[in-house]
Amino acid sequence: MTAIVPVRRAMREHDNTALVEASRNHEEVVPVHIVDESFFSEHTLGYPRVRFWSESLKKLKKGMGDGKDLVVRRGEPLEELQRLVDEVEADKLYYNREYTPYAKKRDSRIEESLDISVESFKDSVMFEKKEILTNSGTPYKVYTYYKKKWFKNTKRKPQEVEDYKTPELESVEIPGPEEMGFEMPDEMEWVWDASRDAGLERMEEFKDLILDYDRDRDYAWKDATSRLSPHLKFGTVSPREVFWEAERVKARNQDSDISGIETWQEELAWRDYYFQILWNYPHEVEEPFMDKYRGNEPDWDSRDQTPEKWNAWVEGKTGYPFVDAGMRQLKETGWMHNRLRMVVTNFSCKDLWLEWRDVHEYFSKMFVDAEISAMVGGIQWSYSIGTDAQPYFRVFNPTSQAEDYDPDGNYIRKWVPELEDVPDKYIHEPWKMPEEVQRNCGVEIGKDYPDRIVNYDEERKRSVERFEKIEN
Ligand SMILES: Cc1cc2nc3c(=O)[nH]c(=O)nc-3n(C[C@H](O)[C@H](O)[C@H](O)COP(=O)(O)OP(=O)(O)OC[C@H]3O[C@@H](n4cnc5c(N)ncnc54)[C@H](O)[C@@H]3O)c2cc1C
């Protein structure tokens, strides 16, 4: 009796629900990863994500114990699975459910067409689909109420995989990003270790920071958040593992203030919240989540309509140092701090009026942790068109955001090094520097660092007016 387990985004053996179930019921199990080339050509992907994918797969394969293997094939998923079923005379396929439109389509074809029994499992989230509903039985559209039930509901513990054997089978090399057509961007430095060990180590480190998470998480220059997002995206660690690790810290600190731990666990609830939104309201990928803006959107400017604004934003050269620091952190590392993700998308919307779909495409290329659910959720939140979104009249002031969350300019100085010697007084508003100060600190505004490309006060008013045209 042989089972097949497609490994897609749970790049681990431990607590890989489909693999655990297969190993409980079969002595022979074939974990298989199918490289679907059409996925690479039809979706917007980028180097950081593809490299993390490739390296996490390689590390998974290398780390498998004696007699086990991760088989890798290239082709169309259904065809390759059917071929494998015939090859090993498999009698069952176990897979972990996923929630994106692409995965939904792929998996329903597998369910319908494969000529063996197929069973699927919840794995990459704590709660999925319609597990958490309002009292009237509809999916939540407001996070706060969703969160209450999320915390109350019983959560499963991580599970051990049983011993199994993999028959010897043909397997292709795992392609690297270059082979799939992705070159490392010039300014990027690869700072990620895509192994499960690295994910677990980071969780260990983060356990020393988690009690202060609620106090420190918005301070972009601090090492105060888990940075586990790519590991959770690719499943080198499972959400259950990290949730229960946090519970253990709670248990050890019963006499302390544990609000930091709970605030962090709330982020895992946000993660699930956006996954259930994507599953229940998939239109949000193409259109605004909010009904009133569907087919009736503000008239955003595409990047081709306003290339100067677009390029300045992407390059981190808007003249607003906090915004620029965020965009440069992204370019250089493939990751951006959450506070900055909010600041730069508020800015792209309400100060630059850039089309959110272009922003989505750019982030999809650049983020190592790119996840449609959280990304569309986050962008549409900032653009005031999403689920539980920021009201349209709330416009982040990029200067006061910087003063609040990077008061001494540490984050700015790290990512915008040309501003390193700018005095504290001007670090958030360098365009106000008198010429003499510019000379003294070696930064000529407009030459060494750009003058601000828009005036925040004017743009804020314009943006509110543009939204009001639709609102009224
Ligand atoms: C415009 C925008 C785009 C975003 N795009 C993505 C994305 O593509 N992929 C992604 O994983 N997150 C995205 N987020 C959410 C959040 O910014 C990142 O999850 C977080 O910055 C990752 O850092 P961390 O691992 O240190 O998070 P921590 O603060 O340590 O949080 C722990 C985990 O919870 C999850 N999480 C945290 N915040 C959120 C959130 N707001 N929504 C959903 N899940 C969350 C992540 O898996 C994260 O690793 C986006 C947010 C915004 C505003």
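Each residue of the sequence shown is one higher than the one before, counting from 20 in this note's numbering. Ideal Cβ placement from N, Cα and C applies to all residues, glycine included.
Where does residue i land, buried or exposed, given buried means 16+ other C-beta within 10 angstroms?
i	result
Thr-173	exposed
His-302	exposed
Met-30	buried
Asn-154	exposed
Glu-117	buried
Phe-486	buried
Lys-328	buried
Arg-267	exposed
Lys-252	buried
Gln-399	buried
Lys-535	An answer regarding residue 535 cannot be provided, because it is not within the stretch 20 to 491 covered by the chain.
Lys-369	buried
Met-83	exposed
Met-452	buried
Gly-397	buried
Ala-288	buried
Ala-270	exposed
Gly-428	buried
Glu-224	exposed
Asp-205	exposed
His-52	buried
Ser-132	exposed
What distance in whole Å lies between the Cβ atoms of residue j and residue i, which are believed to be in contact at a cut-off of 8 Å?
i	j	result
Tyr-468	Asn-416	20 Å between Cβ atoms; not a contact.
Thr-119	Ile-391	5 Å
Ala-265	Trp-240	About 24 Å; that fails the 8 Å criterion.
Val-39	Val-90	18 Å between Cβ atoms; not a contact.
Ile-280	Leu-230	7 Å
Phe-412	Val-362	Incorrect: roughly 17 Å between the Cβ atoms, too far for contact.
Glu-179	His-33	7 Å
Pro-177	Trp-263	6 Å
Lys-80	Ser-214	With a Cβ gap of about 11 Å, Lys-80 and Ser-214 do not count as contacting.
Ala-331	Ile-472	5 Å
Trp-375	Tyr-402	5 Å
Val-191	Arg-93	5 Å
Tyr-183	Glu-47	7 Å
Met-222	Val-261	6 Å
Phe-386	Trp-354	7 Å
In the DSSP assignment, what residue or residues form a beta bridge with residue i?
i	result
Ala-22	Val-48, Lys-111
Tyr-468	Ile-464
Ile-53	Arg-92
Lys-269	Lys-269 pairs with nothing; no bridge assigned.
Leu-188	According to DSSP, Leu-188 bridges with nothing at all.
So, with DSSP's three-state summary, where would you put residue i?
i	result
Lys-15	The question about residue 15 has no answer here: the residues shown for the chain are numbered 20 through 491.
Glu-320	For the sequence presented, residue 320 should be read as Asp rather than Glu. Three-state DSSP puts Asp-320 in a strand.
Ile-138	The residue you asked about is not Ile; residue 138 is Glu in the sequence shown. It is a strand residue.
Arg-93	strand
Val-378	helix
Ile-277	coil
Tyr-445	helix
Leu-228	coil
Val-435	coil
Lys-123	helix
Val-69	helix
Leu-64	coil
Lys-336	coil
Pro-158	strand
Leu-371	coil
Leu-152	strand
Tyr-430	helix
Arg-102	helix
Ser-245	coil
Trp-298	helix
Glu-285	helix
Ser-403	coil
Tyr-517	The displayed coordinates of the chain run from 20 to 491. Any statement about residue 517 would go beyond what the structure contains.
Pro-417	helix
Ser-214	coil
Glu-487	helix
Asn-35	coil
Leu-133	coil
Trp-240	coil
Arg-479	helix
Arg-27	coil
Glu-198	coil
Within the present structure, is the beta-carbon of residue i separated from the nearest heavy atom of ligand 3 by less than 7 Å?
i	result
Leu-100	Annotation note on ligand 3: not contained in the displayed structure, which lists ligand 1 as its ligands.
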